[in-house]
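Working notes, structure below.
Chains as they are written, first to last, in UniProt numbering: chain S, 1 to 233; chain X, 1 to 233; chain R, 1 to 233; chain Z, 1 to 233; chain W, 1 to 233; chain L, 1 to 233; chain G, 1 to 233.
Here it is in structure tokens:
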């Protein structure tokens, strides 16, 4: 492997102003199994492909609930995602206890951004090696955010991260106009599952490898795993 | 990539007295989409080209309000800009709460300078990888500042930073005499938008990728995005 | 030995997003003697091959009891396992003293994960060089977890780690349907011992090199060593 | 660029007893625009050439007032000069508040020296990349000091630092006998401006790029910029 | 000397999961003079070959008493052994003062393990470069432990560490069955001395270079040096 | 420049037991202008050649008074000498305030030694790059000390450090018997000046480049500069 | 100089278990002038060759008194010896003040050992570059210790360290039987001086370069320098 001279740590700019370690962390996301997020005007949905290391293991958790109105799916290093989701869960609790209100989804994104940015500007650590899709519902409606190791957190209408995610993204772009207007949550989930299918290679979606979550108007964060995903296959 | 021997960290001078890491941070600014700032005797204006990562994402925020009399646009690493604008927002609040007055624009610039300089003189961090255009209005009138990763903050009549910003700069230089005297804020914005156009390549300005802000005499910091920018296209 | 350029420490990503030091730590596990874990609906079992350095030494401990409802077996660096099991034992005590209840097995896994993740994201330490199989019984029934140096802790139906563990794994996969339904703890242990046999090379199981532990419904964590393993040979 | 083996940090002596990083910091001074200082028996004067990055910017500040009796001009990294002048300003305030007297110019120089020396003897920072000319008036009369990154602060009759400063120096050496005796402050300034001219290349002095300061007997630190420098052109 | 790329510090795994610095520390043990430990059902014995640097020096201490029921012999870096034996002595005192009982031998081994493991997982130190044989007698009878720089502490029936220790080990293996049953402490010591002889090269055991210690039932830790070893030669 | 492998920092011994960074610091002394010290039975004298950077500067201070009974001259890095003389001045004050007596010259030397030794045994700093000649008078009479960057402080009858100091040294050696007995302070100074002359190359001693200090019986530390040195030329 | 790969710092073992930096520190001792120690049944004696840098300096101190019953001579880096002897002096004082008794010589040795061992096991410092011969008299009679940078402190009947010390050592070995029985302190000193002579090359012992110390029964630590050594020449 030929050594690029400017990728030894996160605090060194290349002559073209790039931070290579941050870019390499993005590659860790591409090693993870794909997850898709999308939102209509009333709901936000996550669908994710669970991977099992081998036949003996349960499938690895891909969707994590943080609060009644907020949750996320991940692609990349699962232990890093745990750190970030634990942090978010604490912030949600704090907001409810201290201010007696839900943490706004935008604020949640800012908080993750700030936490991640620090790791890109101080020596001795590394960027988080995980991407997150965050869905939530607050006063301003449903939201979908994409968190990146650089500390960027984007608001999106739809996104897909992880291995071969481009297939799902293309599907979402093509159907954007349509799903933005979907009123029926079931239908929105189905479209998400269809998007996920565009990123599969040898896998077939089944009760055991599909994970779904939805949040929205009058609908707290709800997760479907195992038999409960059957209706969407 | 051939390694320059003196660009490994921010605390090493080259034999010609240069700090290469600080110079590389300037390159990060050139990777960002262009933003333009200008001021007349009564107003200061920011216009910026928003970029969206792909069709599914909202456009990334390019202009950030810090206070009623102060805001900024950015080019470069957005998470770094968040850190700096949060800092500025806190200082604005502090000034209002403790001294019961607006933070002067010059002081704001000094504060950013001091914060950025530290990162160029201590091991273990990196310079901020972002340029900022700051507009504000205080007792001494409207101001436009340009913040650089080196810790330099310049007072200017007009400026443009980011990809292909030279086109906008040239336009501003050519029209400097004229716009300094513009009394109508609408007209000043239009001239700014025209400057921005000189730095475009394949993009066309539209409701969705143009962002505008103005501040001035009897005019608190006001931001235009989406449909509200239509009159200036 | 040709030096890979990105494996000098745990805080550097390779251009493909890998953390090599974490992967090398997995190799330390493969140097350890094999241990097998499996669970039915009522019980969880560990069987392990003890190794002795030479004829004069007792066999090295492979199974460690942490609490009445929880224990683990290890493969890899034994001193690292001591650190982790001591930590788990303290957490079990703390849970009982402060909350007056057993630490849930899932929580125990989370705690190990968090502890191990830190070592993969901060400079100056190293990942733990040991893999653990953790069995426990709590309100939600019997559990088997596999802890990895990356900070991943997986819930499993069966697993084997250490030298030539693939043989045991294959056996468990083949018999999964069967042993999940086993009601008799003795029978479950015997199946585990049979699985372990698939991973042996020159060794023969005997009173002195076989170590067994079981936990389950109405059955506190019980360990069999020496003569007490005879019935299962 | 061929790497000298002893210039990697400020805490390594070369085999000939040199600290190369300190010497390289001197080079940063030569990148700055020229500034000239001189003193007669009653007054001390600074004149400086302001540079503007481009036509849109105001000229960069070259002279900084620290107190009623003390100020400085700089050549090199402006953000570093800000740090040092802020420090001096604080010390001046402190002296007045605590001891009820002006900080002596000699003491001011000592304080800068001590601050700068530390950066040449501890790992993890860098020398200041700026030279300063400090003028002041205290009980012992007018003073001119030159501060260097090494921590040396020299008392002088005249000095020039920055790009092509040798021309000005030679002029001052030639006229030293004369200007030491000048009684009229206006005349002393004019001689300083003439000295500055010897260091110009393509620039012409004008209202906008000349900066002047004077302090002396019954004359608090006074700065001339813009139109007020016209009489001296 | 060809540099192995993964042996620069104790916190770097090789691609095969090895910690070379820990392995090199084992080599330091082989530089030390040989010491032998063995235990029967009632007693534990240490015998050691003392080395003198030259004729003028006393022989270097090879056996260190820690408490009435516990002591150790060493091979490798003597100053490191001092640190560890001082630590053990303190823990013995602490146990007696606070809990009013002897520190159990097993606990003593755990404590050394934990102390040594830390040095293999944190940057900036090094593993201990010494091996220890620890004998002690507590409620569970006589014990012999072997401490290794890795943090492993093994319970053994007999062991030998240091230069050419393999000869003694082989002897102990051959006579294991016999000496386990020895009831007479004198006889056990003699067998130990005989074992030590198998590891000698040019040396002859004498009053001045043989060191013996024994502990057991109704027999506090007793050390024989000088003339008192004569009966065992 | 070919890199010696053992001169990268002050905490690494070469295979021959040398600390190269400490030796390189001695070279910095040789870059400084020469200074000479000598003592008779009643007085101690310093003479030094002041250097001026150019014609505009005052000559750089070569002799520093620390207390009424103690002062020093320097060769090498002047800012380092400032740090050390400030330290000595504080210790003199402390001694007078707390113990109500002059700091003994020997004690002063010990204190400098201890301060300098630390810099040769801890990573992250560098040795002081300056040599000092210290003269003082206390109960035990007049003293002359030579301080070296290694932390050695020698008591001497005469010494010279700095550029071409060998000439002065040879002169002092030749006249040692004579000047030890000199009773007249004026005469002793003259002999010192003559010694200094032996180390000059192109310089001629004059009112402006000669600096003299003396201390002794009934003679507090007295410094001669400028016109007051004329009698000794 | 060819770089050995394992001698960069004190915390890295070579593949053969050696700590090269500690071994290099021993070389620093060999650069020092020779010193000899010996003891009979009643007295312990140090003799040392003082070196003077040049003819103008006093001879450098080679013997340091720590307490009424304890002192030492040194070979190697004198500033390091100062640190260690200061430490010993403090411990002697502490023992007398707190426990009202002399610090035992053995304890003194242990304390030096512990202090020195730390420097061989933590990054960022270096081993002490000095060897010490320590003599003392306590309840158990006269003692002679040799301190080494590794942290080893040996009890000896006689020893010599420094340049060409082998000659003295051989003499002491040959006369060991004899001087152990010497009752007259004068005679013991003379034998020590004779031993020292065996290590001289071009030097001749004289009043000015010989230093002697003795301690023993009813004889507090006494030092002879200058004219008082004449009787032993």
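Glycine included, each C-beta is placed from N, C-alpha and C at the ideal position.
Contact with chain X by residue i, beta-carbon distance below 8 angstroms
| i | result |
| --- | --- |
| residue 60 of chain Z | yes |
| residue 119 of chain S | no |
| residue 27 of chain Z | yes |
For residue i, the nearest candidate out of the options (CA to CA)
| i | options | result |
| --- | --- | --- |
| residue 152 of chain G | G/164, G/162, G/165, G/133 | G/133 |
| residue 239 of chain S | S/218, S/68, S/158, S/201 | As shown, chain S starts at 1 and ends at 233. That puts residue 239 of chain S outside it, with no answer to give. |
| residue 186 of chain S | S/52, S/219, S/170 | S/219 |
| residue 11 of chain L | L/129, L/124, L/156 | L/124 |
| residue 111 of chain R | R/170, R/168, R/145, R/183 | R/145 |
| residue 143 of chain R | S/18, S/43, S/56, S/177 | S/56 |
| residue 70 of chain R | R/114, R/25, R/107 | R/107 |
| residue 24 of chain R | R/73, R/179, R/16, R/8 | R/8 |
| residue 167 of chain R | R/177, R/183, R/201 | R/201 |
| residue 150 of chain L | G/109, G/80, G/38, G/58 | G/80 |
Interface flag, residue i vs chain L, CB-CB below 8 angstroms
| i | result |
| --- | --- |
| residue 9 of chain G | yes |
| residue 231 of chain G | no |
| residue 83 of chain G | yes |
| residue 16 of chain Z | yes |
| residue 125 of chain G | yes |
Residue i classed as buried or exposed, judged by whether at least 16 other C-beta atoms fall within 10 angstroms
| i | result |
| --- | --- |
| residue 199 of chain S | buried |
| residue 18 of chain L | buried |
| residue 140 of chain W | exposed |
| residue 184 of chain L | exposed |
| residue 204 of chain W | exposed |
| residue 44 of chain R | buried |
Beta-carbon contacts of residue i that lie in its chain and below 6 angstroms, excluding the five residues immediately before and after
| i | result |
| --- | --- |
| residue 75 of chain X | 29, 32, 35, 131, 161, 162 |
Cutoff 8 angstroms: residue i Cβ touching any chain A Cβ
| i | result |
| --- | --- |
| residue 154 of chain Z | No chain A is present in this structure, whose protein chains are S, X, R, Z, W, L and G. |
Residue-level contact to chain Z via CB, residue i, 8 angstroms cutoff
| i | result |
| --- | --- |
| residue 171 of chain X | no |
Beta carbon proximity, residue i to chain R, threshold 8 angstroms
| i | result |
| --- | --- |
| residue 122 of chain W | yes |
| residue 176 of chain W | yes |
Residue i at chain G interface by Cβ criterion, 8 angstroms
| i | result |
| --- | --- |
| residue 157 of chain L | yes |
| residue 94 of chain W | no |
Sequence-distant residues of its chain with Cβ nearer than 7 angstroms to residue i (five each side left out)
| i | result |
| --- | --- |
| residue 92 of chain Z | 66, 67, 70, 103 |
Proximity test, Cβ basis, 8 angstroms: residue i and chain S
| i | result |
| --- | --- |
| residue 150 of chain R | yes |
| residue 228 of chain R | no |
| residue 211 of chain R | no |
Nonlocal neighbours in the same chain, by C-beta distance under 8 angstroms from residue i, ignoring five residues either side
| i | result |
| --- | --- |
| residue 181 of chain S | 40, 41 |
C-beta neighbour in chain W for residue i, strict 8 angstroms
| i | result |
| --- | --- |
| residue 185 of chain R | no |
Query raised in the report: Counting Cβ pairs closer than 8 angstroms, one from the region 192-211 of chain R and one from the region 45-61 of chain R, do we hit at least three?
Result: When Cβ pairs closer than 8 angstroms are counted between the two stretches, the region 192-211 of chain R is seen to touch the region 45-61 of chain R, the count reaching three or more.
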